[in-house]
Structure formats: C-alpha cells, structure tokens
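Scroll down for the structure; my scribbles are underneath it.
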Amino acid sequence: MVRATALVLLFISVVAAAIGDGGHQRVEKRADDASDLATRAEFITFSKHLAQVRAAKYEHYSSTPVRNKDAFVKIQQHILRMYGGVTKPDKVLSYMETDDYVDCLPFMQQPTIHLLNLTDEDVKPTANVSFPDFPKSDGPQPVEMLWQVNMSDPYGNNMKCKEGTVPLMRLTLEYMTKFGDLEGLFRKPALPEPSVKKGTATGRKRGESADCTHIREIGRDFAGFGDRYIGASTAINIWKPAATFSLSQLWLVFEASSPSADQSVESGWAVVHPDANPRTFIYFMSRSEPRVGCWNTMCEGFVVTGSALHVGRAFSRVSSFSTTDQWEVGHVWILGGGRWVLFRRTGGVFSEIGFYPTSLFGSTGMASGANRVDFGGEVCDWLTPGTYGQMGSGRKSEAGFGFAAYQRDTGARTFSLVGLEEDSATGRHHAPLNAHPNALLFHCVQESGNVDTRGRGRICRNAVLRFQDCRMLYAREMENTLAKLAPLLEGIFRKVMQGGHLSRFNWSRFFLTKANKSLKSFKEQWNKFNKDALARAFYAGSRPPIVDLYKAVASGTISQDHLLHTLDEIPFANLDVTLGAIPWNLVFLAANPEHQCYILDEVREWKQSPKGEDFNNYFTDSTTYLSACISKSSRLRPLAAFSVPQAILTDRVINGYLFPAGTNFIVDA
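Read in order, the letters of the sequence shown are residues -17 to -1, 1 to 652 in mature numbering (1 follows the signal peptide of the UniProt record, and there is no 0).
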C-alpha cells in the first residue's frame, strides 16, 4: 500500500503541471509571398484602380456570377461611394500581400469615418482599457510580427502604412462580382454564386439564392438577468479546411425576442470559396436598413485604428497534424466609450485593430452590451448538396491536440446595467472604458451543439471547449479520468489472475475475447490520457517530464508502446510486484487451516447480511479477519518494491557488457 501511494504521487508529479491552468500561445507570422507577384505586368496604384472602376462596363463582367447589369452598377457605385472621402487618391500608398492589394488611406478619410460623419471626438484613441488577466507562459516567446520588421513587397513597396494612415484591403470589381450582388456579398455566409446557366443540373439560375444548410458547433453562455457582456476573448487555432465555407470564431450577440432583430459583433478566421486560404474576418449584424450586416471593411461600419494588420488578411502560417506545429490568433473584444473595440493578442501584448461605433446598433441591443457569447465554428456547402466540407481541422476532438481544432483562453466579461453612464448628446447608455466590471466570468461551458439552445452554460478560463465533430479540445479533470481507468485495468488484472483469458503469445491478441476487448479499450484510453497530459503541458507553457518523454518517442529513443507500458506501472501496481505479494497470503493460510475456517465463517455471515447491502464491501472493509490476515502476511514477508528477480531470456548487451541468457536480474531497480 505504501508503494502504491508513492507510485501514484510520482505519476501525479509527472503530469501535474499538465493538469493546471495556463496558457501558451504561438502566433501567426507572415512568410514570404506564396506566389511570384513580380511576374505581374503592372502594379495598379490606388488612383489608377479608381479610374478603372469608373470606366468598367457590365459587358466586361457579364461572364462572372454578377446577377445582372443593375447588380453590377450597384457594386460599381458602392466601391466609388466607399472611396468618396479620399481627397488625394494619387497620394495613397499601396502594397501587395499575397494576392491582395492593401491601400494605406488617411485615417480620417477611411470609408466608415467619412460615410458615418464621425468627428475627431468620435474616433479619439481608445484609452484606459482593462484587459483580462491572461496567464504568463513559460514557453517560447511569440514570433516577431510583420509590422515590427522592415519588409517590402515584390514591387519594392514598403509593407507598413505611414503614421496617420491605416491599411484597408482594396475593394475590387473582380472580387465583389463573385457574390452575385451586394446583398450576397454582405450576408453571412457570403455565398459566391457558381457560374451555371439556366437549365443545368442544379436547376438554379446564376445569381439566385443558394441553398446552404449550416452545421454550427458552439459553446454558449447567456448573461444573467440585468447583466450584459461588455467583453470576450479567445485564442483560435488556425487551420486550412477543405470546404466551400468554413470558419472558427467568437460571437458577441444581443439575442432579441425575434431572431430578425438579433445584433452581433464577430471575429475569427474563415475560408470562403473560391479562395482556399483561411483569412481573418470581422462581421457585424445590426438588422437595420438598408442592410443586415457586413464583412470586414466592405461597407461602412468598422473604423480601422491599427496600422499593423489589415482586416481580411490571409494567414501564411496554418496548423498541421503535429503537436509541435500549431498556430493560433488571439482576439479580444471590449465595449466602452460608445464603441466595440477589437484587439489582437500576441502573448501579453494587445494591439488595437479597430472598433464598431455603437451607433450602428441604435439606442438598445448591442449599443449597451451583449446578452449571449458563443465560441465555435460553422461550415456549409452551397456547391454540393448534402455535403458540408470540413470544419476546423476536419478531425474529431477524439483525435486529440495537434489534430483536432481548438479554442482556448476563452472568457467573457459582464457589467451590470445599473449605473451605466448616459451620453448626454444621444441619450444612449454605455459602459465607461475604465469601468470595473462586476465579475469576470471564466468558468466551464456546458456542451451545446444546437444553435437554438437557450439553457445557461459557463465559460472556461484557460480551458478549451470540447465539442463533437470539429469541436474543440476540452481540459478534463485528469485525476477523474485516471480514477475511471483504474477499475478497467483492475478488471484486466483479475482476468490474468484467473488464468486462461490473456496469453502472452503475439498472435493471441487477434482473438475476439472479452479480455482482449477490455485490454484494447484500456490501451486506447491510456494512450489518449497521456496525449491529453502532453497537450495540457503545452497549454500551460510548462515542461513536466511528460514533455521530455514524448520527445524521446519522437526522436526514436523509445517506442510509444514502451513508454506507455512504463507509465502504466507508475500509477497502477504491475504484475512483477503484485504477483510477488499475493502468493504469501495463500501460503500462510494453507499452513494454518484453522484460520481458513475463520475466514469461511466470516464470508457466510457477510453473504447473509452484508454491510451496505453489498457483499463486495467485504473485500474493502478493514475490520474483517481477511484484512487482518493480509496485514499479518505483509508483516511477515514485507514487499520490497522492485525486488522481484527474473531471468534474461536471451543474451543482452548493455553499455558494452554482455549479459548471457539465464542471468538473474531485478526489474526496474
């Protein structure tokens, strides 16, 4: 018993750091351009782009998915309207990143400020923001961001906007006509219309609404009565799924009595056909005329304040199926001062990207906070009926860390509506930027795969939400899992002791016996348990022994089977030791028949009237005669850990020494 306790403590020390909370973040870093942009005949300046848009004719785009001439003209006018506030187009500096044109527009001339008539006071710098207290990681430091280094595109243009200007992805006819019309571009999901003619197998005209049945996997929480969410955060694992439309994101939602009145601010990454690259995105939904929502900076709504990263940017680093090649991006939304502000988190550094003015949402709803927060993903396919494509990594959560997509550092902040400041000019209520919220809610989310679920959940701090089918990894209480595994292994051990159930012959594992099924189940669960421990160590940014052990597996120093066999001897008593302890009980009882009689009489009494109405309690009761015999046997023949001699079956060479077959040795000494 002493050894068993010591071994359990030893095992816990191996994975202890993997069980605690913590966070470690690897962030996306831009690589060199994936395509050879230098082969382009000409770099299109911003002023030339505007001239080309003005001169464009429907006939030039009639072969695209654009619905008709009227739809084309509306898209054309929308682009010109968005850039109507730029007074000196020829002075705008631009650059290319991957296949995207990025324009550095003067801050006060960007579309949202111009079209919403925002003043200097409306867009003054965000200040006094209180961020969630994320744990500090002991792991690798975040890689250097694009804007921290002096980089140029293939045309020699500096890829950092100058002070006083902000980066916006260029709005082009080539991209926007893919969506049929403006309504198709603005709605979520954005549904590019396939170029099909009337009478084709789809039976749908070009430009008509596409059928797209959503699959959504989410963790959800609702604010308490009288409370609103004024902030939320997450770190989203980045993948490149094979899908027509797939995303992973954070939603902050004001859920109204009617779904048609819902409002939201959202962010994450998305893959939208025909572009196969995952891209950053933001989205807002106001349900106010003339449109219900908008992606990125394709219409007025989002004010860009950061000069580092443009919204809609493609990731040049995505995760692969490996525990060491995982990439993620951290997003934090904060409500205050009449704006929903979006920050990108890199380690402990928060970089402001921009904000949505709360005036977009009127005087209620999201203007004063969200009443629901969601973390998860969506997927749909409007090109192939009956299919959905991949969500996240395309693997189920059972695949474990490095294979299943995840979100972590998820959290939400509440603020009571009582005592909110009132804007004297508009009468709208908003939470001040320097307000101290009533509570930071970082708990665990209940599972929910149903988009219409109304039950309350709880949000997790530094835990990753577990869902089914592309759901995210969940940080279980690993001690509880270990406790559940113990009876399974004990059942296998019982079959071994009974004899005839398991054989040590290699080919015997193919027999479909109950014992083999139990053994297979234990091995699978034990493998997953240790992989979870490794993943938790990664999240915690720590380096417990489990990390080095798996590095040894990766380098080929030890096989995974040998590692798992060694580890299961730590928390669970192994055969080598246990077999040496049990026989002495039988030897002593055989030598003392009178004591056998005492035990038989005791067994009969327990069978007639067992304690707790369960005869199995007899074997765990410390007051029985059987328990006293076991204690006496242990005193007479003490069990010395790792002292059971065995013989080597074949010649072995260890550190240059030859140990011939038949040599006695001590296991694990």
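C-beta: ideal position from N, C-alpha, C; glycine also.
Note that this is a predicted model, so its numbers are computed, not measured.
**Message:** Can you give me the C-alpha to C-alpha distance between Arg211 and Gln59, rounded to a whole angstrom?
**Reply:** CA-to-CA, the gap between Arg211 and Gln59 works out to about 40 Å.
**Prompt:** Between Tyr389 and Lys506, what straight-line distance do the alpha-carbon atoms span, to the nearest angstrom?
**Reply:** Tyr389 and Lys506 have their C-alpha atoms roughly 25 Å apart.
**Asked** Is it right to say Cys144 is buried, meaning 16 or more other beta carbons lie within 10 angstroms of its own, or is it exposed?
**Response** Buried is the label assigned to Cys144, since at least 16 other Cβ atoms lie within 10 Å of its Cβ.
**Request:** Could you name the residues of the same chain whose beta carbon sits closer than 7 Å to that of Lys511, not counting the 5 residues immediately before and after it, in chain order?
**Result:** Gly383
**Coarse secondary structure for Val301, derived from DSSP in three states** = coil
**Thr603 - DSSP class collapsed to helix/strand/coil** = coil
**Message:** In this structure, how does DSSP classify Glu42 when only helix, strand and coil are distinguished?
**Reply:** It is helical.
**Item:** Arg647 to Ala574 span [Cα, whole Å]
**Value:** In the sequence as presented, Arg is not what sits at residue 647; that position holds Asn. Answer to the nearest angstrom: the Cα atoms are 29 Å apart.
**Item:** Nearest candidate by alpha-carbon position, reference Lys107, set Lys223, Gly319 and Phe298
**Value:** Gly319
**Request:** At 3 residues or longer, and completely inside the segment 29 to 90: list those beta strand (DSSP E) runs for me, N to C.
**Result:** Contiguous beta strand (DSSP E) elements confined to the segment 29 to 90 occur at 76 to 80 and 83 to 89, taking only those with 3 or more residues.
**Separation of Ala611 from Ser605, as counted between CA atoms** = 8 Å
**Message:** Which residue marks the beginning of the beta strand (DSSP E) containing Ala253, and which one marks its end?
**Reply:** Segment Gln246 to Val255, the beta strand (DSSP E) holding Ala253.
**Request:** Note down, in chain order, each residue of its chain lying with its Cβ closer than 6 Å to the Cβ of Arg37, except the 5 sequence neighbours on either side.
**Result:** Around Arg37: no qualifying Cβ.
**Message:** I'd like to confirm the pairing. Which residues does DSSP put opposite Asn141 in its beta bridges?
**Reply:** Ser135
**Request:** Mind checking which residues open and close the alpha helix (DSSP H) that includes Trp589?
**Result:** Unbroken alpha helix (DSSP H) run through Trp589: Pro576 to Gln591.
**Prompt:** Buried or exposed: where does Leu63 fall if 16 or more other Cβ atoms within 10 Å of its Cβ makes it buried?
**Reply:** So Leu63 counts as exposed.
**Message:** At the level of alpha carbons, what is the spacing between Phe333 and Gly595?
**Reply:** 59 Å
**Request:** Could you tell me if Ser247 is buried or exposed, where buried requires 16 or more neighbouring beta carbons within 10 angstroms of its beta carbon?
**Result:** Taking every protein chain shown into account, the CB of Ser247 has 16 or more other CB atoms within 10 angstroms, so this residue is buried.
**Asked** Taking Cβ positions only, does Ala466 come closer than 8 Å to chain C?
**Response** This model lacks chain C altogether; it includes just one protein chain.
**Cβ shell of residue 653 (< 8 Å), same chain only, five flanking positions each side left out** = What is shown of the chain runs -17 to 652, which leaves residue 653 out entirely.
**From Leu609, Val570 and Pro566, residue whose alpha carbon lies closest to that of Cys580** = Leu609
**Asked** Can the beta-carbon of Asp164 be found less than 8 Å from the beta-carbon of Ala54?
**Response** yes
**Prompt:** Terminal residues of the continuous alpha helix (DSSP H) containing Tyr640?
**Reply:** Segment Tyr640 to Phe642 is the beta strand (DSSP E) holding Tyr640; no alpha helix (DSSP H) there.
**Asked** Nearest to Gly276 by CA position, among Tyr41, Phe344 and Leu230, is which residue?
**Response** Nearest to Gly276 by C-alpha distance, out of Tyr41, Phe344 and Leu230, is Phe344.
**Spatially closest choice to Phe338 from Gly375, Phe285 and Pro137, by CA coordinates** = Phe285
**Prompt:** Roughly how many angstroms separate the alpha carbons of Leu632 and Tyr640, rounded to a whole number?
**Reply:** 16 Å
**Asked** Quick one: what does DSSP say His548 is sitting in, helix, strand or coil?
**Response** helix
**Asked** Is it the case that the Cβ atoms of Thr341 and Arg322 are separated by a distance below 8 Å?
**Response** yes
**Request:** Would you list, in sequence order, the uninterrupted alpha helix (DSSP H) runs of no fewer than 4 residues that lie entirely inside the segment 290 to 361?
**Result:** none
**Request:** Give every residue of the same chain whose Cβ lies closer than 7 Å to the Cβ of Ala353, excluding the five residues on either side of it in the sequence, and list them in chain order.
**Result:** Arg211, Tyr212, Leu235, Val236 and Phe237
**Request:** Specify whether the segment 132 to 141 and the segment 78 to 96 touch according to this definition: at least 3 beta carbon pairs, one from each stretch, less than 8 Å apart.
**Result:** With the rule of 3 Cβ pairs closer than 8 Å, the segment 132 to 141 counts as touching the segment 78 to 96.
**Prompt:** So, is Leu619 buried or exposed, given that buried needs 16 or more other C-beta atoms within 10 angstroms?
**Reply:** exposed
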